[in-house]
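Written below as structure tokens is the structure these notes are about.
In full-length UniProt numbering, the protein residues as written are 1 to 232.
Written as structure tokens, this is what we have:
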């Protein structure tokens, strides 16, 4: 079974959603592959930050930085329920295209396992340590942490490699009808929008597995022979 998830590394509900997917999979008795796809929530955000997320939220929705901090308080409380401690008040509004390009590199170099490891590092860097995930120095450090080749990382960051893949991911999400993230597609058949609770995700997983592996329906039962003899 395969789960494809569209998300952005600066999206709080995407990080929360990742934890909920992990909980749903924790005791799921079958093998599941998780592949991450790119989705830029704020493609116009700068690589050199000029404001915090709280300031940006207050400017966008009104109420100033104080209102932005209240929004962050609410989502941080949900994150805490999932066992995470964030510093999101200090998070910076920055672009994520280079982070997404490195996620494509990780997928190519080490498959979904390496990609998933880098995804976790990017989330933790941004939400738990309030680092600038647009900064190439930060990205190189995170890539090294998961074992990506430094030369390949430099090649990607110094070029436009994987930019087409990032855009293609975003277009594919739109084709599915996704307007926000997280957005998951399970086995190419079931779409799940938003950071659904682990229990809901588990129900979808169970249904998808049952659909892909239907049990034989016995329509008739007559006399037969078995290990202990025959019906007479």
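C-beta atoms are modelled at their ideal positions from N, C-alpha and C, and glycine is treated no differently.
CA-to-CA distance, residue j to residue i, given in whole angstroms
{"i": "residue 95", "j": "residue 143", "result": "17 Å"}
{"i": "residue 45", "j": "residue 195", "result": "23 Å"}
{"i": "residue 214", "j": "residue 70", "result": "48 Å"}
{"i": "residue 219", "j": "residue 203", "result": "27 Å"}
{"i": "residue 52", "j": "residue 92", "result": "4 Å"}
{"i": "residue 31", "j": "residue 23", "result": "14 Å"}
{"i": "residue 16", "j": "residue 87", "result": "14 Å"}
{"i": "residue 68", "j": "residue 12", "result": "14 Å"}
{"i": "residue 116", "j": "residue 8", "result": "13 Å"}
Residues near residue i in its chain [Cβ-Cβ closer than 6 Å; skip 5 each side]
{"i": "residue 60", "result": "none"}
{"i": "residue 33", "result": "2 and 112"}
Residue i - DSSP class collapsed to helix/strand/coil
{"i": "residue 186", "result": "strand"}
{"i": "residue 53", "result": "helix"}
{"i": "residue 222", "result": "coil"}
{"i": "residue 199", "result": "helix"}
{"i": "residue 12", "result": "helix"}
Cut-off 8 Å between Cβ atoms - residues of its own chain near residue i, not counting five sequence neighbours on either side
{"i": "residue 189", "result": "208 and 211"}
{"i": "residue 231", "result": "223, 224 and 225"}
Check: residue i C-beta below 7 Å from any heavy atom of the ligand HEM
{"i": "residue 42", "result": "In terms of ligand content, the structure shown is empty, and the ligand HEM therefore cannot be addressed."}
Sheet register partners of residue i (DSSP bridge)
{"i": "residue 230", "result": "225"}
{"i": "residue 6", "result": "37 and 183"}
{"i": "residue 191", "result": "185"}
{"i": "residue 92", "result": "52"}
Own chain partners of residue i with C-beta closer than 7 Å, once the 5 adjacent residues on each side are dropped
{"i": "residue 132", "result": "49, 92, 94 and 138"}
Next on the checklist: Restricting to runs no shorter than 4 residues, where is the alpha helix (DSSP H) found entirely within the region 107-181?
Outcome noted: Listed in chain order, the complete alpha helix (DSSP H) runs (minimum 4 residues) inside the region 107-181 are 136-146, 150-157 and 163-176.
Next on the checklist: At 3 residues or longer, what runs of the beta strand (DSSP E) sit wholly inside the region 18-87?
Outcome noted: The qualifying runs are 33-38.
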